[in-house]
Each structure stands twice: as structure tokens, then as C-alpha cells.
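Residue numbers (the working numbering), protein chains in the order written: chain G, 1 to 325; chain S, 326 to 655; chain U, 656 to 1162. Everything on this sheet refers to the single structure shown next.
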């Protein structure tokens, strides 16, 4: 009798985020005819692209059982640098690589702190969160910066009919997915997250591996910063604040464990990011009280995490070794 | 393999290594910071400044103590700032002299404080239940609680402050003569609880190894829930002081201090992996961050410089801590 | 024949204490060298030097005729030295093939060549006799299968020298036989092995040569045929141990009617028809006062699971348990109050708080007796007195301070701490799950003495052990479990290893 219940429940729980996503889509679709239109869905994906990209970056870090709290600050610094350069008349061809460089430098700083100096990732990235935010505020002199239109076109221009932000985020996701599933480096990330000491004993260069992961997260944060910037068109002093939490939430919603070694970017993190964005998008379309957005989003994330831990609990319970059948 | 460690501590430690190993390291750093900056910083050593410094420090210490308990049990509580904001708003809704539920009543202030503390405890209980009964990761539980309750505080007030609070209430937060002894008393109680009570023993055991604790008859779930409740109540107590100082209930109260709370606690030496932590350590950590903040403000440095320096100092302290564990426990 | 590996007066000290003193011996090609010694004798340090995790202070190593000074585990691997550690170093989230080739995947254009990977992996697995699909995730493997996978991993880079560190502690009899056959096969291929184990019978059985370490020095060395189990023990402890098991002071409790009259023989723990689907079935037995009851069986026979159910850690669907009359119910907390104690299979996982102090670990179960309420203050005088008394009772070395973290203690001392923790609770029934696993001969003897003392005082003791010799030496009666059921019961006067083993083997 137990077995039939397992058979029915497990697929449900395994695809909890997907089911939740379907319910959210269906719910908003029923409440507003505007929600499920092609235009809105494409808009939704564009909106979600920034979260998806930073989520991909943090997924790599989480897979190694680390964490990156400095993402929001890196986004801010990248945006601030972009603003400075763009307002100073630099062409996009200079600005964009510069931003990516900023992200990687910050990532490298985190990597240095974590791998060379042996500081806990939580504390190290907490420190660079402060340093980054302060540095960004200094760059902008705590004033909002409006960017030239060239930046906004980044968000609207289309490549073979596909909005550029989607091309970029899609590219990042595709590369990340292939790296994680098909390359030695990707598999080694899972190994490090599962058992760091054993990975070292197995002859992996765990320092270089971890360093790469933090640099990649910084790079993703910078790309995510550009994508956000392209939609907002301005850098405010609070740009990027708490986005690290959104990124972590997207990753965890997508089934990535906070304890390392389990998860992935596709469909995982992407689905998590889109789910978070659809809730927000749906509430906007319904004209809901804007102050309610965070409440609903928090509720949905809580639900997804609850389902995931219920799944793990039941799996552990059912998976208990049977001595005889 | 264990034979070396069995023989105990190494011999011949110089004064410097003794200082580095000491649990008073952060206090020494505070003294160094103060001594180093006082000559260049006008007013750092003045009585007024001390009162202001400790007035700022008292509520931060209360939140950090709650965080210390939660970190010892092996969890984390990111929701503390939302508890501060929500209790501030709800307390103000109860007692403000215009539209409050108890407007004008003499009991307004005490009832409001009671409501705030109970509300903080309830949110903590919710966190604790989700972590124990539903086995959800503390980081995510308290992160969603943070988003939800700070959102709730803003929604309740439509992002407006609530002023005109009873004087009896605002005095508590704004008069150092009241706030400081109160905070010291609470800190003393938490210290006794942690070092000399059965709960303290259980708390550490759960943090070190919850499975061992369970097998040894420790009521693990009850201990964990109680700890999150304590963190919620302490955050609410901090909210009483903050709200009183500000003389308004604010839905964004405490929004910026989350990282200060965790930073100060970990800086003091409390481990993120559970089991280790002390009230005195957290006090030193809070003192250090407050002193730094205070001195940098007095130096007339801008907001962003302060942030950068703070970040750098957190990193430096972490580095020092890593260095000493690596040198002495390797 | 020149040796494959040679240690030349290798020395190492930690914090001024010599852990290795001028150790010299060689390993010839195609030979198995058994390395034995008590915990703390220096075996692990020696292997850490070999693996590149530590560097020698004095002396040198030679491998394949050339000086060998590895800086890290990669160097050891490159030289052709493979380790199968006591704590397995596998990645439970990856599949078999990925575990085997983690550091040298076959690739094309940066991508893993999956077909090639799985082809190579299955060839390796075949060699060690592990007939599982290469896409199986390691978390689904039994301990024995994981051990074989570790060996396969060492073969993946064609190791010339393999070090097996306590490989059989958690293996079933068939799994162990399989591993031994593989070890012999590897020797036949001309590879050398260093085999480290506390199970002296296995070492004598397998090894061509033996090296005995004591206090960091080689105290015995030579062809295996020159050693007997008794001589090995004598060399390891440095004195002649007359016996492995202490003599019980009081006469053994027979199962006859006369002892029912004696208070010591009264039934204490009665289990009737205990069952949990898929775990245990129809378990009934009675534990008497003053009795030491052994539970034998293979790995996975349900012994640990039974203990956990008795202690209230796992649920059960059928049956009853009573302790001195009233039924035994509720969570562990409740059962501890009734006088039950459980020493778990794994000290690290759920026996100790490793980073906490000796005193805090000792007091964990009983500290509540020194406080009026959870929030009330502890009465430290009483607590300290109790700790002092129990430390003396288990003969915990005086040089170990109360404040010292338990993780700095040797395995034997750690186990004494766990036992002492439960002794403080003055239990009526002790459930001991593998009480002497991974601890040395001297400490074992002392733990046996403690078990007897407890029984003599009228407590009932249940000992679960995979070492049959231990059970026959220690117990008054032995139950045998097989696939979740009790399949045999033997009283002391008809202990027969062959028949006990027979009852344990799957039919």
C-alpha cells in the first residue's frame, strides 16, 4: 500500500517547482487574460533574464558548498562603472568588456579570500558586499545616474526576432549547463561540493576549482547587472541591493542544495528565476497593491522550499535500507 | 595519529601568541582601535560620545545575542531585522496617541511592549517550527521570513512612519540611563543561561551534534524552537529601544543592520558551524563594530568610506581568526 | 630482489613528541606486507608520509629505486601509489564511472567522452568483480561495494603499490572474501600491498610479511609464518597479555531454574513479537539481570536497527517491549529515564560531540539531574564530583583534562568517554553496538572488564558485535540475527563458532 502512495507522490514532489510554476501560470492566466499572451510571456522572460544569470553564477558556488553574498554589490559596482564610462562618452564596445572585467576582479577577490586566505565563504563575501557597496557609492557619489539611450536599446534590440537579453541569458545558461554536465570541470565541482577533502586526495586542484567558481559568479553578477541596467536605464544607490538573496532563492527553488553537491542550472535555476519573476509580473498585471509583491513572492519561495524538504524527508524515509522484502 | 594531540598544548608561548590565542583578542583590538584613533578623532573620548556610542550599541547587542544563540545551535536567523521593523510598526499601531488602539490609555506603553515581545516570540516560534518539524534549512526559512515580515510591515503602514508615541515609551529608548542597564541586565541573563543552565548545555550539544544530543536524551526540537523564540524576543526587545530612540514606528527600522548583526557575532568568535559562542565574545564584536562606526563618523568620513572600511575590517578580523585557528589548532 | 618501497629511518614528531622513531622497512614487489600496531602506534602517520599529506622530519623514502618525497596526494598518485582509506573517499553524488576517472576523464574538445568513459569504467569494475551498471550513483552502494570501487580507482591509474587501511571493518563475510580474493589476485599480477588492520586473523591470513609498530618504532618484522596471533598481541602491547578476555568474577548465569530464584536472574527486558516492515520481524527475547547477551549476525542483518527500535530512535509496527514490568515506550529521553542506554555503532556520528570537551560529553545524558529546571542554574559541585567518579571508574587517563576537546583523544579513550557518559546514568539495560570497533587491544580489555562489572551489579547488557570471537569470549548467551529475524540462540555451554556462523549465513 505504501508503494502505490510512493509512486503517486514522488513524481509530484520531484517536479514541485514545475508544478508550482504551472499553477502560478494557470492562476494568473485565469485571473487576467493579458497574462498568458505571447507578448507578456516574452516580456516576462526578458525580465527574468537578469535573475537567471546571477542565479546561474550562485548555483556554481552553492554546488561547491559555498555561498556568494556579494552578488548585489558586484552588480552595483558593474553598473556604476558602466554609467561612468557611458556618461564619459565611451562606446559600448569599451564599456561592456570593462564591466565584465569588474565582475571578474571582484570574483577574484572573493576567490583569493576563500581559497588562499581560508576565510569562510559566508564571511568573505559578506566583507566584499560591504566593500563593493561602499566602492560603488563612492563612484556614484551616492547619486542616481541616468544612462544614455544606447543602454536601453540593449534591452529592447532583437537578434533574429529574439530580444537580446534572452540571447545573452540563454547563452550563459547553455554554456553553464554544458560545463556542469559534460565537462571534467563541471563534474569536479560536484565532487568538491560533496567531499572537499576527498577531492583533494583524488588529486584535484581544489583551490583553482573553487577560485574559478567565485570568479564565474562575479562574471555572472556583472552580466546580470548589465541586463538589469538595460531594463531600468538608471543606476540608483540601492541598485542590486539584496539581489544575492533573489539569486540564491532562484537556485534553491530549482533544487540546488545549500549544502553542496546537488542541483543544476537547467532547468533548475532557470525555472526558479522564471517562477519568481512570473509572480511579480502577474501581480503587476492584476494591478495588485505593490506592497503585496514581496509577501506573495516570499510565500511562494517558502512553499517551494517546504515541498523540497518534504521530498528529501520522504525520500530518506522510503529509502531506509530494507533488509528483506 | 592522535597521540600527538593527546599530549595537550605546546610549551613556550610568547606574549604575542598568548594574546592571539586569547578569547579577549577582539577586546584588545577594540582597545587598539580606540587608542589609535582617539588622538586624531575629535570627541571620541568625550562622555557624550560614550553615551551615544553605548546607546547605539545596546539594541544592536540584544539582536546579536539572539543571533549568537541561534548560531550556537547551528542555525542562522536572517529574519531579525524584519522582526524589528514589524514589531516597531505594530507597537506603534497599538500605542500612538492619534489613532492607536489604546490611544491615551495609561496602559498603552506597557501593553505595546508586551505585544511587541510576544509578536517577536511568535515569529521566532514559526521559524523554529519550520526548521524542526518541517526540516527546512534555516537559511531559507529565515530568508523568506525576512522578505515576508518586512513586506508585511511596509504593507501595514503603506510605507509610512507612525509618530506621536507615548512619552513613557520613548523615554525607555532615548534615555541611556534606562536603556543601558536594561540591555546589560538582559545580556547578563543570557550569559547565565548559556554558561550555567541546563538549557545552555543542551544548546551547545545540539549545535555540536544534534544526533548525538538526541540519542543522549536531549529534547533537540524543543531546544531549537526555544532558541529561535529567544532570538525573536531579543530582536523585539531591540526594537523597543530603537523605536523609542527614533520616537516613531518605522517599517524600515533596522533594515541596514542585518549584516552588522551577523558580522559582529561572527567577529566575536561565534562559529557558523554551531556549538561555539559566548555572550562576552558577541559583546566584544558588537563593541568593535560600533566603535569603528562611531569613530569613522566622527572623523567626518562619508557613508561609503565607512562601508568600505567596515567591510575591510570584517575581512581582517576573519583573517586573524583563521590565522589563529590554523596556527594553534592545526 | 630490490624492494619496491623502502623506508629508511624515517622519523616524525608533532609538538615535540616523537610519533615515528627511525622506522625502516621495505616492501618487495608482488608481496603483501601486513602492518599492525595499536592506535597511536604511528601507522596512520606513516601512511600520511607515504601519501604526501605529511613530510618526514628525518630519514627518507625510496620508491622503485628512486628517492621519493611526495609534496601532496597527486605526487603519490603519479608515482603509482594508491590508497584505500578507512574513511572512504568517494563522492556519493556522482556515478561509478565519474568516481573512477574524476581526475582524468577521457575528453574530446573539452567535453567528456561518455561512451569511452563508461567503457573504461566497466572494464575496471569487472576486474574487481563489481557487476553494477557504471551509471549507478555511489550513494546506493553498500559499504563493501564502495570498498571495491576504491580498489578499482587505485587500479585506474595502474598503482604498483596499494595501501589498504582497515578495509574490512564494515564488510560482511562474503564481501570480505571477495576483497581478499581480489587482494591475492593483485599480488599475483606483481603488485605490492600494505595491509593495515586490527583484525589479526585477517592479517596473518593474507600477508607475506609483517611489520609491527609500537610507540612509533618497529618492534617486530619478518615473514608472516614466524608470527602467531599471541605473539603479535604481545609485540603490539609490549607485554605478555595472558588472555584477550577478562575472567568473570561471579559464576556465569546458567539458564536453569535455580537462577530464577536468585534476584540476579530475573527477567529485565522482555521483547515480544517486535516487527517493522522491511527491517525486523518477529523478534522475541528476554534479557535477564546480570546477563551479557550477544547479538551476532552479518552486516545488514538488522542488529543495529533492532537496537535503534529498542531505544525509540526508529518506529516499529508490531510487538511490545517491557522493562522490569511496565511497557517501554516514547522517545529516547523517556527510555533513558527508565534506565535504558545505547552506545551507538559510530562514535563520530551519534556517540560524541567531537568538538565539545571531555566534561561536556561525559555530562550530556545526566546533566539534567543537577538542575531544577532547564532554565535554572546548574549545581556544579555535584556535577564535578560525579564526573570525577566516573572518570576513575572507566580509568580515563589522568593526563586528559576535562576541558580537552574529545576529538583530540584516541579511539579507545573516545569510546571510554561514551561508555562513561552512560554509566553516569546508572542504566539497568545497556545496548552496546560494536563497542570495541577500531580501538586497540588494551582498551578493548578494559571495556570488557567494565561490561562484566556492570553485569555483576545486576544490569543487563546487550552486545552487538561482528567479531564472533569477542561475543564468545564475553557473553553468557548469543542470539544470531539473519535478514531481520532471530535465527539462532546459543548459551555459553554450547557456543560453537561454526554453528553460529551457519545461523548467520543467508539460506
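Note that beta-carbon positions come from the ideal geometry of N, C-alpha and C, so glycine has one too. Computed from a predicted model, the values in this text were never measured in an experiment.
Around the Cβ of residue 1008 of chain U, are there at least 16 other Cβ atoms within 10 angstroms (buried) or fewer (exposed)?
buried
Measure from the alpha carbon of residue 556 of chain S to the alpha carbon of each residue in S:372, S:347, S:367 and S:384, then state which is nearest.
S:384
Which value, in whole angstroms, describes the spacing of the CA atoms of residue 667 of chain U and residue 94 of chain G?
58 Å
Please report the straight-line C-alpha distance between residue 393 of chain S and residue 1160 of chain U, rounded to a whole angstrom.
Between the alpha carbons of residue 393 of chain S and residue 1160 of chain U lies a distance of about 53 Å.
Residues in its own chain within less than 6 Å of residue 624 of chain S by CB, not counting five upstream and five downstream?
366
So, helix, strand or coil for residue 157 of chain G, using DSSP?
Here residue 157 of chain G sits in coil by DSSP.
Taking C-beta to C-beta, are residue 563 of chain S and residue 446 of chain S nearer than 9 Å?
no
Anything in the stretch 111-132 of chain G with a Cβ closer than 8 Å to a Cβ of chain S? List those residues in chain order, please.
113, 117, 118, 119, 120, 122, 123, 124, 126, 127, 128, 129, 130, 131 and 132
To test your reading of the DSSP string, which unbroken beta strand (DSSP E) runs of 3 or more residues are found completely within the stretch 955-1013 of chain U?
973-978 and 995-998
Between residue 190 of chain G and chain S, is the shortest Cβ-Cβ distance under 9 Å, so that the two count as touching?
no
Of all the CB atoms in chain U, is at least one closer than 9 Å to the CB of residue 457 of chain S?
For residue 457 of chain S, no CB of chain U lies under 9 Å from its own CB, so it is not counted at the interface with that chain.
Just by C-beta distance, which residues in the stretch 479-491 of chain S are closer than 8 Å to chain G?
479, 480, 483 and 484
Which full runs of the beta strand (DSSP E) of 3+ residues lie inside the stretch 675-721 of chain U, going along the chain?
Runs found: 687-691 and 713-718.
Using 8 Å as the threshold, is the stretch 460-475 of chain S in touch with the stretch 527-545 of chain S, meaning 3 or more CB pairs across them?
no
Who are the neighbours of residue 64 of chain G on chain U, taking C-beta pairs under 9 Å?
What residue 64 of chain G touches in chain U: nothing, since even the nearest Cβ is about 12 Å away.
Answer with buried or exposed for residue 102 of chain G, where buried requires no fewer than 16 other C-beta atoms within 10 angstroms of its C-beta.
buried
Check the Cβ of residue 298 of chain G against every Cβ in chain S and list those closer than 7 Å, keeping chain order.
469, 472, 473 and 476
Using CA coordinates, which residue listed in U:868, U:1134 and U:861 is at the minimum distance from residue 842 of chain U?
U:861
What residues in the stretch 633-651 of chain S bring their beta carbon closer than 8 Å to a beta carbon of chain G?
633, 634, 635, 636, 637, 639, 640, 643, 644, 647 and 651
Taking a cut of 7 Å between CB atoms, which residues from the stretch 601-614 of chain S lie near chain G?
none
Taking just the CA atoms, how far does residue 256 of chain G sit from residue 194 of chain G?
13 Å
Thinking residue 979 of chain U and residue 1083 of chain U are a contact (beta carbons under 8 Å), I'd like their distance in whole angstroms, please.
7 Å
Taking Cβ to Cβ, would you say residue 757 of chain U is nearer than 9 Å to residue 164 of chain G?
no
Can you tell me whether residue 349 of chain S is helix, strand or coil according to DSSP?
coil
Along the stretch 787-804 of chain U, where does the CB come closer than 8 Å to a CB of chain G? Name the residues.
Result list empty, no residue passes.
Given a threshold of 16 other Cβ atoms within 10 Å of its Cβ, counted over all protein chains shown, does residue 386 of chain S qualify as buried or as exposed?
With 16 or more Cβ atoms within 10 Å of its Cβ, residue 386 of chain S is classed as buried.
Assuming contact is defined by CB atoms lying nearer than 9 Å, are residue 327 of chain G and residue 261 of chain G in contact in what I supplied?
In the structure as shown, chain G begins at 1 and stops at 325. Residue 327 of chain G is therefore absent and cannot be evaluated.
Is the beta carbon of residue 887 of chain U sitting closer than 9 Å to the one on residue 855 of chain U?
yes
When Cβ atoms are compared, which residues of the stretch 573-603 of chain S fall closer than 8 Å to chain G?
584, 587, 588, 591 and 597
Quick one: give me the first and last residue of the alpha helix (DSSP H) that residue 173 of chain G is part of.
164-182
Which residues share a DSSP beta bridge with residue 291 of chain G?
Partner(s): none; residue 291 of chain G has no beta bridge.
Hey, is residue 312 of chain G's beta-carbon within less than 9 Å of any beta-carbon in chain S?
Taking Cβ atoms only, chain S reaches closer than 9 Å to residue 312 of chain G, which makes this a yes.
Quick check on residue 466 of chain S - is its C-beta less than 9 Å from some C-beta in chain G?
yes
Cα separation between residue 196 of chain G and residue 631 of chain S?
Distance between the alpha carbons of residue 196 of chain G and residue 631 of chain S is about 36 Å.
Would residue 173 of chain G and residue 270 of chain G be called neighbours here (beta carbons separated by less than 9 Å)?
yes
Along the stretch 178-204 of chain G, what residues have a CB closer than 7 Å to any CB found in chain U?
182, 183, 184, 187, 188, 190, 191, 194, 195, 198, 200, 201, 202, 203 and 204
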